[in-house]
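In my numbering, the protein residues as written are 4 to 347.
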Ligand SMILES: *Cc1c(COP(=O)(O)O)cnc(C)c1O
């Protein structure tokens, strides 16, 4: 019963019609991609500045990532770069979108709400609708992040056909390990539940499975932890906002660096508060800052290595990634635990 309770709490909090709890965020993405039709050999468009799981979930289905550049303010997928890239490589053929260079079907777009900051999701959605491409939002880091649409706050993960969350130990709330799919679509929700429970057909005693499913469901014990964690979510969000404003204040007079803030009309959960170094030669400086901090036991981190630079994805299809390359070398993730507020 804890699984349904937890799902209801997530649906209530996000405003999604359905939440389907699964064993982790990577599985949530893989299941979402499968549900909207990603199959072996397909390409899925995503930004290169994200956690490796975004690309892995596509690879687990036999597909490959197709990297498109980011924008500097949200650090998420750039809608203009997306439109330009599609105009450059994509052709419509028998109702499908084909990359005319690789010959592969482009079957979905996966923007990521990086560090909890909402991507420019309304504009991205418009491009997806123009091209008739399914939209899956990787909202793994964005529980509590919202976008204001005509005076209403819409939760990240509720713009696409499906949104996905993670409740891994490092996320804003945790179930030990866990994830969820968010959707308003009755059929997708039903199929998500079916395929995540070994595709067993409901019957009091017959054991009959009508397709190849997965054992993806979130265990009951983890869901119970999730229910208790949900009680702390609002206070964690409040602490994170306060911590962000403190950092912002500390850095306001430092010319060479800025604390990144939520874009206009957005509310970030500030899952990972991020410092951006300005100027041209920042790589060495960043190395020095991180090293110095580690000597004082302050565990700063550079942002992820861009996925197109990892050995398994270096040959994947890719547009011009100038902004991703420019941004990723100047970002430092700061200690962002809400518990830090207790010491300030
Ligand atoms: C954490 C994370 C995931 C994967 O979630 P897990 O629960 O760790 O599998 C996917 N995408 C992003 C952007 C993440 O930060």
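Note that CB positions come from ideal geometry on N, CA and C, so glycine has one too.
Quickly, what does DSSP pair residue i with across the bridge? List them, please.
{"i": "residue 21", "result": "186"}
{"i": "residue 203", "result": "212"}
{"i": "residue 93", "result": "102"}
{"i": "residue 168", "result": "183"}
{"i": "residue 335", "result": "278 and 305"}
{"i": "residue 141", "result": "115 and 167"}
{"i": "residue 73", "result": "80"}
{"i": "residue 68", "result": "47"}
{"i": "residue 220", "result": "25"}
{"i": "residue 321", "result": "70"}
Kindly indicate which residue of the options has the alpha-carbon position closest to the one of residue i.
{"i": "residue 165", "options": "34, 332 and 213", "result": "34"}
{"i": "residue 312", "options": "327, 17 and 235", "result": "327"}
{"i": "residue 325", "options": "319, 281 and 70", "result": "70"}
{"i": "residue 354", "options": "322, 149 and 277", "result": "No statement about residue 354 is possible, as the shown extent of the chain runs from 4 to 347 and does not include it."}
{"i": "residue 202", "options": "108, 216, 210 and 253", "result": "216"}
{"i": "residue 276", "options": "200, 306, 207 and 196", "result": "306"}
{"i": "residue 110", "options": "329, 66 and 151", "result": "66"}
{"i": "residue 220", "options": "161, 157 and 197", "result": "197"}
{"i": "residue 147", "options": "288, 317, 188 and 157", "result": "157"}
{"i": "residue 6", "options": "139, 61, 178 and 333", "result": "178"}
{"i": "residue 45", "options": "345, 53, 284 and 68", "result": "68"}
{"i": "residue 51", "options": "251, 141, 184 and 193", "result": "141"}
{"i": "residue 297", "options": "329, 338 and 266", "result": "338"}
{"i": "residue 13", "options": "238, 251, 189 and 167", "result": "167"}
{"i": "residue 96", "options": "205, 4, 62 and 107", "result": "107"}
{"i": "residue 61", "options": "251, 74, 139 and 205", "result": "139"}
{"i": "residue 274", "options": "15, 4 and 145", "result": "145"}
{"i": "residue 333", "options": "283, 320 and 340", "result": "283"}
{"i": "residue 129", "options": "185, 58, 11 and 163", "result": "163"}
Residue i lies in the alpha helix (DSSP H); which residues open and close that run?
{"i": "residue 157", "result": "Note, residue 157: premise wrong, no alpha helix (DSSP H); beta strand (DSSP E) at 155-158."}
{"i": "residue 328", "result": "325-331"}
{"i": "residue 38", "result": "28-38"}
{"i": "residue 57", "result": "56-62"}
Identify the continuous beta strand (DSSP E) that holds residue i and give its terminal residues.
{"i": "residue 150", "result": "149-152"}
{"i": "residue 47", "result": "46-49"}
So residue i and residue j are supposed to be a Cβ contact under 8 Å. How far apart are they, rounded?
{"i": "residue 180", "j": "residue 171", "result": "6 Å"}
{"i": "residue 127", "j": "residue 112", "result": "7 Å"}
{"i": "residue 134", "j": "residue 101", "result": "With 8 Å as the limit, residue 134 and residue 101 do not qualify as a contact, their Cβ atoms being about 12 Å apart."}
{"i": "residue 122", "j": "residue 80", "result": "6 Å"}
{"i": "residue 9", "j": "residue 24", "result": "6 Å"}
{"i": "residue 303", "j": "residue 335", "result": "5 Å"}
{"i": "residue 41", "j": "residue 47", "result": "6 Å"}
{"i": "residue 176", "j": "residue 235", "result": "7 Å"}
{"i": "residue 119", "j": "residue 272", "result": "4 Å"}
{"i": "residue 39", "j": "residue 114", "result": "About 14 Å; that fails the 8 Å criterion."}
{"i": "residue 169", "j": "residue 182", "result": "5 Å"}
{"i": "residue 260", "j": "residue 279", "result": "7 Å"}
{"i": "residue 84", "j": "residue 229", "result": "Not really, about 36 Å apart at Cβ, beyond 8 Å."}
For chain D, check one thing: does any of its Cβ atoms lie closer than 8 Å to the Cβ of residue i?
{"i": "residue 63", "result": "Of the protein chains in this structure there is only one, and it is not chain D."}
Q. Where are the alpha helix (DSSP H) runs, 4 residues long or more, that stay fully inside the segment 230-300, in chain order?
A. 286-298
Q: Could you pull out every unbroken alpha helix (DSSP H) segment of at least 4 residues lying fully inside the segment 105-134, listed in chain order?
A: 124-134
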